[in-house]
Amino acid sequence: MLMAFEQVSYAYPCTPKPTLRGLSLEIAAGRRCAVIGQNGCGKTTLFRLANGLYQPTGGIVRWGGTPLRYDRPSLNHLRQQVGLVFQDPEQQLVAATVEEDLSYGLCNLGLPEAEIAQRVKQSLEDFELADLADFPVNYLSLGQKRRLAIADMVILHPRLLLLDEPTAYLDPGQVRNLHRLLTTIQASGTTVVLATHDLDFVYNWADWVVVMHQGQVVMEDNPDAIFSQKRTLEMIGLGIPNLLHTRK
Amino acid sequence: MHHQIDSLAYTNRLRYLPPEHKLGFAIALFLLGYLAPTFVKLLIAVWLWVWVVVYARIPAQIYGKLLVLPISFLLLSLPALLIGIGALNHLPNFAADVLYGVPVGSLYVYLSSQGCVQAGMVLGRAITLTSCMYFILLTVPFVEILRILRQVGCPELLSELLLLMYRFIFVIAETATELLAAQQTRFGYGNWRSQMRSLSLLVGHLLRRTLANYRELSLGLASRGYGSELRVWHTARHRPSWRYAIEAIGGYLFLLILTGLHYWTALC
Numbered sequence: 128m129l130m131a132f133e134q135v136s137y138a139y140p141c142t143p144k145p146t147l148r149g150l151s152l153e154i155a156a157g158r159r160c161a162v163i164g165q166n167g168c169g170k171t172t173l174f175r176l177a178n179g180l181y182q183p184t185g186g187i188v189r190w191g192g193t194p195l196r197y198d199r200p201s202l203n204h205l206r207q208q209v210g211l212v213f214q215d216p217e218q219q220l221v222a223a224t225v226e227e228d229l230s231y232g233l234c235n236l237g238l239p240e241a242e243i244a245q246r247v248k249q250s251l252e253d254f255e256l257a258d259l260a261d262f263p264v265n266y267l268s269l270g271q272k273r274r275l276a277i278a279d280m281v282i283l284h285p286r287l288l289l290l291d292e293p294t295a296y297l298d299p300g301q302v303r304n305l306h307r308l309l310t311t312i313q314a315s316g317t318t319v320v321l322a323t324h325d326l327d328f329v330y331n332w333a334d335w336v337v338v339m340h341q342g343q344v345v346m347e348d349n350p351d352a353i354f355s356q357k358r359t360l361e362m363i364g365l366g367i368p369n370l371l372h373t374r375k
Numbered sequence: 384m385h386h387q388i389d390s391l392a393y394t395n396r397l398r399y400l401p402p403e404h405k406l407g408f409a410i411a412l413f414l415l416g417y418l419a420p421t422f423v424k425l426l427i428a429v430w431l432w433v434w435v436v437v438y439a440r441i442p443a444q445i446y447g448k449l450l451v452l453p454i455s456f457l458l459l460s461l462p463a464l465l466i467g468i469g470a471l472n473h474l475p476n477f478a479a480d481v482l483y484g485v486p487v488g489s490l491y492v493y494l495s496s497q498g499c500v501q502a503g504m505v506l507g508r509a510i511t512l513t514s515c516m517y518f519i520l521l522t523v524p525f526v527e528i529l530r531i532l533r534q535v536g537c538p539e540l541l542s543e544l545l546l547l548m549y550r551f552i553f554v555i556a557e558t559a560t561e562l563l564a565a566q567q568t569r570f571g572y573g574n575w576r577s578q579m580r581s582l583s584l585l586v587g588h589l590l591r592r593t594l595a596n597y598r599e600l601s602l603g604l605a606s607r608g609y610g611s612e613l614r615v616w617h618t619a620r621h622r623p624s625w626r627y628a629i630e631a632i633g634g635y636l637f638l639l640i641l642t643g644l645h646y647w648t649a650l651c
């Protein structure tokens, strides 16, 4: 078990209701996990708790069995192991060019220059960004920015990669590319957890689905088991993949 | 979102010359342009036109439009230098300065010869120094200017602020464009009143979004292990060119000699 949430609650400052209410969830290593739920159910909050960006107002978050500590060295260590890709890649791309942005996290880790050069070169090839190495980040398309944001995290070799709505605003071709990319990342040993509204993507890609509703986990199982409960899913504002509609 | 000058800086033909060489060249010409006589200033401006339009392949139309902007301001102020006004009964005192004049009541309005010399010098200096500045802006990407600033010891805080400003000015500009378009689709700029109201809403909204972006950026930086510095690495891709170096040095020496000869002759 990589990460565990034990009765975790979180309320944003100045909001009357907590966003997460006594949520319990375990993320096992090696999984291809998808988290689904209505807007506002707490998926983004869950991921940010996992990355140590927020501290829970109740409950415990554990990494490798140990409760998270929120001092800077512990958080830096956690963020090497747990990579989080935001829904809006613009918020995570901080350098001027693609190559510099890839190197940013590695420089923060204090790695030797030779290793940085090697990892950046490899990442540029793996993520098909080699032609854009010296290109300004401002001029990338959304799909390219998304690819770069994912590369920025994968280059740190995390054990757990969290992606917040990676399929948002992508066209079908880009979604297929993302599917291949995430499969490759997961095959290399990184556990991948993503939040998405794209149920077809979930059905095709995930081997474990977590369903959230109003700040809690209401169901978790393999995709076939989850999507067989159509009525329950519809009651909580979700549905079933179009693929399953077509089959019926 | 693309900014024209920024785009040109990345796509021009002199892109991969070392930025230190380009900056050094422009700064040397800047200093010479400040001190040189008018004809040398104009030679510098013409030479820089060659560098920008012919060597860097910046479209002449774009370069011309960029130059017109500051020069238009200057042209508006030239009449103050060119035109002199004196009392008609004191004309013998300043007659030597008059190129052409007309009496207007008790005053004498005239084209001043000293004024013409001054205007020529100011115009020449403005064109030259502006050309130097545009040479830098059009051939050296901003990020490379930042790298050089760091190399010469610019405070980290300043260079990081500049980087973040550069990075996010595009985001803010794009947000503003989108908000403007959204307002226009709902008749937000139909008349003066709605225009002012829409503009105030846009500014307020932009501020709120900028603050929200700042919060998200802070989290984004934290998620990537931000300490207290924005340290990055890059591959050095620049290739010095003997051909351009020889022309730059040779041309500069030639202009320096012309300047020296002019002042030597003036002294003699």
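In the order they appear, the protein sequences are chains G and A.
Here my numbering is used: the first residue of the first sequence is 128, the next is one more, and so on.
Here my numbering is used: the first residue of the second sequence is 384, the next is one more, and so on.
Backbone N, C-alpha and C fix where the C-beta goes; we use that ideal spot for every residue, glycine too.
Fair warning: this is a prediction, and the values are worked out from it, not measured in the lab.
Use the C-beta contact count for residue i: other C-beta atoms within 10 angstroms, 16 or more gives buried, fewer gives exposed.
i, result
"S606 of chain A", "buried"
"G364 of chain G", "exposed"
"Q134 of chain G", "exposed"
"I632 of chain A", "exposed"
"F132 of chain G", "buried"
"Q578 of chain A", "exposed"
"V437 of chain A", "exposed"
"N476 of chain A", "exposed"
"R569 of chain A", "exposed"
"T560 of chain A", "exposed"
"F637 of chain A", "exposed"
"C141 of chain G", "exposed"
"L400 of chain A", "buried"
"G232 of chain G", "buried"
"M280 of chain G", "buried"
"G610 of chain A", "exposed"
"K375 of chain G", "Only weak support is given to the placement of K375 of chain G: the predicted model assigns it a pLDDT of 49, under 50, and the value that follows is read from those uncertain coordinates. Exposed, since its Cβ has fewer than 16 Cβ neighbours within 10 Å."
"D453 of chain G", "Coverage of chain G is limited to positions 128 through 375, which leaves residue 453 of chain G absent and any answer about it impossible."
"A278 of chain G", "buried"
"P486 of chain A", "exposed"
"R258 of chain G", "Just to set this straight, residue 258 of chain G is Asp in the shown sequence, not Arg. So D258 of chain G counts as exposed."
"T323 of chain G", "buried"
Interface residues of chain G around residue i at Cβ under 8 Å?
i, result
"Y549 of chain A", "A223"
List, in order along the chain, the chain G residues whose C-beta lies closer than 9 Å to that of residue i?
i, result
"L546 of chain A", "V221, A222 and A223"
"V526 of chain A", "A222, A223, T224, E227 and P263"
"Y627 of chain A", "Residues of chain G passing the Cβ test: none, with the nearest at roughly 20 Å."
Which bits of chain A does residue i rub up against, with CB to CB less than 8 Å?
i, result
"H218 of chain G", "Before going on, a small fix: residue 218 of chain G reads as Gln here, not His. What Q218 of chain G touches in chain A: N596, E599, L600, L602 and G603."
"N178 of chain G", "S606"
"R274 of chain G", "Result: empty, since nearest Cβ-Cβ is about 16 Å, beyond 8 Å."
Under 7 Å Cβ-Cβ, which residues of chain A neighbour residue i?
i, result
"N203 of chain G", "G608"
"R307 of chain G", "None at all; the shortest Cβ gap to chain A is about 25 Å."
"R378 of chain G", "Nothing about residue 378 of chain G can be read from this structure; chain G reaches only from 128 to 375."
Identify the contact partners of residue i in chain A, using a Cβ-Cβ distance below 9 Å as the criterion.
i, result
"F213 of chain G", "E599, L602, G603 and S606"
Against residue i, what residues of chain G qualify as contacts under a CB-to-CB distance less than 7 Å, listed in chain order?
i, result
"F553 of chain A", "N265"
"Y393 of chain A", "P263"
Can you tell me which of the options puts its alpha carbon nearest to the alpha carbon of residue i?
i, options, result
"E630 of chain A", "A:L414, A:V433 and A:Y517", "A:V433"
"S230 of chain G", "A:R614, A:S542, A:L639 and A:L482", "A:R614"
"W647 of chain A", "A:G603, A:P420, A:S495 and A:C515", "A:P420"
"E564 of chain A", "A:N574, A:F553, A:R550 and A:S581", "It is worth fixing the name first, because residue 564 of chain A is Ala in this sequence and not Glu. Looking at the Cα atoms, A:S581 is the closest of the given residues."
"R398 of chain A", "A:A619, A:R576 and A:I640", "A:A619"
"Q218 of chain G", "G:Q341, G:R286, G:R273 and G:S201", "G:R273"
"Q343 of chain G", "G:A161, G:F328 and G:G169", "G:G169"
"M362 of chain G", "G:Q165, G:N331 and G:G316", "G:Q165"
"I445 of chain A", "A:E539, A:Y517, A:A556 and A:L584", "A:Y517"
"A595 of chain A", "A:Y627, A:V554 and A:F413", "A:V554"
"L309 of chain G", "G:S151, G:R159 and G:P285", "G:R159"
"K405 of chain A", "A:I528, A:L457, A:A470 and A:L562", "A:I528"
"I640 of chain A", "A:L415, A:L391, A:T394 and A:V500", "A:L415"
"E612 of chain A", "A:C651, A:E539 and A:E599", "A:E539"
The segment 221-243 of chain G: positions lying closer than 7 Å to chain A by Cβ:
Those would be V221, A222, A223, T224, E226, E227, S230, Y231, G232, C234, N235, L236, E240 and I243, in chain order.
In chain order, what residues of the segment 599-619 of chain A put their CB closer than 8 Å to some CB of chain G?
Those would be E599, L600, L602, G603, L604, A605, S606, R607, G608, Y609, G610, L613, R614, V615, W616, H617 and T618, in chain order.
So does the segment 222-229 of chain G actually touch the segment 185-203 of chain G, counting three or more Cβ pairs closer than 8 Å?
Contact between the segment 222-229 of chain G and the segment 185-203 of chain G is absent: fewer than three C-beta pairs spanning the two stretches fall below 8 Å.
Three or more C-beta pairs below 8 Å linking the segment 202-214 of chain G and the segment 176-188 of chain G
At 8 Å Cβ cutoff, the stretches touch.
Mind listing which residues of the segment 278-303 of chain G have their C-beta closer than 9 Å to chain A's C-betas, in chain order?
Of all residues in the segment 278-303 of chain G, only D279, M280 and L283 place a beta-carbon less than 9 Å from a beta-carbon of chain A.
Examine the Cβ distances between the segment 450-464 of chain A and the segment 543-554 of chain A and report whether three or more of them are shorter than 8 Å.
These segments do not touch.
Are the segment 195-203 of chain G and the segment 346-356 of chain G in contact at 8 Å, needing three or more beta carbon pairs?
Flag = no, the segment 195-203 of chain G and the segment 346-356 of chain G do not touch.
With three or more beta-carbon pairs closer than 8 Å as the criterion, would you say the segment 239-247 of chain G touches the segment 318-332 of chain G?
Touching, no.
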